[in-house]
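Notes to accompany the following structure.
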Amino acid sequence: MNTELNRILHPRWLLFALAVGGFAIGTTEFATMSVLPYIASGLNISEPTAGHLISIYALGVVVGAPVIAIFGARFSRRSLLLVLMAFFSLAHLGTMLAPDYKSMMLFRFLSGLPHGAYFGVGALVAAAMVQPDKRTQAVGLMMIGLTIATTVGVPLSSWLAQALGWRVVFLIVAILAAITVILVAVFLPPHCMQGGDSSAVRELGALTNRQIWLTLAIGAIGFGGMFGIYAYMASTLENITGMSPRNVPLVMCLYGVGMTIGNIIVPRLVGRHVMTGLAWLLVWSAAMLALYPFAVHYPYWVCIQVILIGMSGAVGTLLQIRLMDVAKDAQTLAAALNHSAFNAANALGPYLGGLTIAAGWGWTSTAWVGVMLAIIGLIVWWITVRDEQRIKIKNDNGN
């Protein structure tokens, strides 16, 4: 355990503080999809145009994660967390007050900038608080706020948008971010994690590390199927299962339940064996996705299946730990890039699934796309392990 962090009196409260930030980020990321009709109506734009607000947020995540990680390398992690969430809060206040579409696009882009860097730095802080064999559990608990957001934050935001208007959703996210700032300031002592021991040059060194790129590819490719299923789940449930539109959101919430369960159970089972855990999680994902086309014909079975598929979301925690293990001097950038990889998976799965649906292969074809991506992910995993073994042998011979 980091000796500086031994001075933290309430580590569980600090993990809670980090999870609150994750809940705020998860809510704005996923809930925006559920309140798009209200935003479109309020800004007098079409729903497809309002959908650009989702894309511009994702662009902010992709841009912000590496840029902030590189240029923030010399700052203390405590300072970075406080600045990132303060900025996130202010950006959401701007989103709430945005008078028109153009200004809201600007504030949504700004809102996305802290996303990846916050989770990257937060994961480093969470892992440093515990013994090495407990790191995976600590990061899983920190990430649990993001998964709970898909279960609680999304339906709550939809209800609030109907009752009080869509702007209140972004106000609440801003308040949650401000609360995170206060909690982190209270429970992470000022003298912990002070003085950055890295630099922009060291962080950029991550871009030359083949193991980092291979690890990112495992997540970006292997788990794209989860997002493909989620993107078309509503249409699949209505058209194949015959479910009422009002019940569809409840089933989609079960996906978040599965992610939460996965982030609690999987890290405990995996411990230090992260790469082994990733392999088994890819196998699990492929198997659960393969059952999905059969499950969608039965309402109760599909509910269980959605939970089981959602459990694969624990990959975020395992990849975060793996990247921290192989990053060497580029810890912050590698940890932040995890969320850029997830955005790539979020784009790849739905895109390929959309192609198969458009080709006339049916709504359930998205599952077979996911199975294919999981198998390719396993191949990339094998390449990663072999490459790591070669590096180890080379280093041993060099010594």
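Going by the working numbering, the first residue of the sequence shown is number 48, and it counts up by one from there. Every residue gets a Cβ at the ideal spot worked out from N, C-alpha and C, and that includes glycine.
query, result
"Rounded C-alpha distance that separates VAL220 from VAL82", "14 angstroms"
"Alpha helix (DSSP H) segments (min. 4 residues) lying fully within the region 192 to 234", "201 to 211, 214 to 234"
"Exposed unless 16 or more other CB atoms sit within 10 angstroms - verdict on PRO397", "buried"
"Straight-line Cα distance separating VAL349 from PHE341", "8 angstroms"
"Boundaries (first-last residue) of the alpha helix (DSSP H) holding ARG315", "295 to 317"
"CB of ALA66 within 7 angstroms of CB of ALA383, strictly", "no"
"Boundaries of the alpha helix (DSSP H) in which ASP372 is found, first to last residue", "362 to 373"
"Contacts around GLY357, its chain only, beta-carbon distance under 6 angstroms, and the 5 residues preceding and following it disregarded", "TYR302, GLY305, MET306"
"Buried versus exposed, by CB contacts within 10 Å (16 or more), SER88", "exposed"
"DSSP-derived helix/strand/coil call for ALA145", "coil"
"Residues near LEU235 in its chain [Cβ-Cβ closer than 8 angstroms; skip 5 each side]", "ILE55, LEU61, ALA64, ARG125, LEU128, VAL172"
"Contact check, TRP429 vs THR283, beta carbons under 7 angstroms", "no"
"Any alpha helix (DSSP H) of 4 or more consecutive residues that is wholly inside the region 263 to 287", "271 to 278, 280 to 283"
"Three-pair Cβ contact test at 8 angstroms for the region 137 to 149 versus the region 196 to 205", "no"
"C-beta atoms of LEU328 and VAL362 nearer than 7 angstroms", "yes"
"Rounded C-alpha distance that separates ALA105 from LEU380", "18 angstroms"
"Segment contact flag, the region 177 to 185 with the region 128 to 145, C-beta cutoff 8 angstroms, min 3 pairs", "no"
"Simplified DSSP assignment, three categories, for ARG433", "helix"
"Cutoff 6 angstroms; reference PHE156; Cβ partners in own chain excluding five residues on either side", "ILE103, GLY107"
"First and last residue of the uninterrupted alpha helix (DSSP H) at PRO292", "Segment: none, PRO292 is in no alpha helix (DSSP H) and carries neither H nor E."
"Buried or exposed by the 16-neighbour rule on C-beta atoms within 10 Å, applied to ASN390", "buried"
"Alpha-carbon spacing of VAL177 relative to MET189, whole angstroms", "13 angstroms"
"Bounding residues of the alpha helix (DSSP H) (the contiguous stretch that carries HIS386)", "378 to 405"
"Whole-Å CB distance - ILE191 paired with ASN310, under 8 angstroms assumed", "5 angstroms"
"Nonlocal neighbours in the same chain, by C-beta distance under 6 angstroms from VAL317, ignoring five residues either side", "THR183, GLY324"
"Simplified DSSP state of ASN91, which is helix, strand or coil", "coil"
"Buried or exposed by the 16-neighbour rule on C-beta atoms within 10 Å, applied to THR74", "buried"
"Proximity below 7 angstroms, CB of ALA421 to CB of ALA333", "yes"
"GLY360 versus LEU193, LEU263, PHE154, PHE77, residue with shortest Cα-Cα distance", "LEU193"
"Three-state secondary structure (DSSP) of VAL172", "helix"
"Counted within 10 angstroms of its Cβ, other Cβ atoms place LEU393 as buried (16 or more) or exposed", "Residue 393 is actually Asn in this sequence, not Leu. Buried is the call here."
"Inter-residue spacing [alpha-carbon to alpha-carbon] between PRO296 and LEU203", "11 angstroms"
"Buried or exposed (CB count within 10 angstroms, at least 16 for buried), ARG433", "exposed"
"Cβ-Cβ distance between GLY167 and PHE154 below 7 angstroms", "no"
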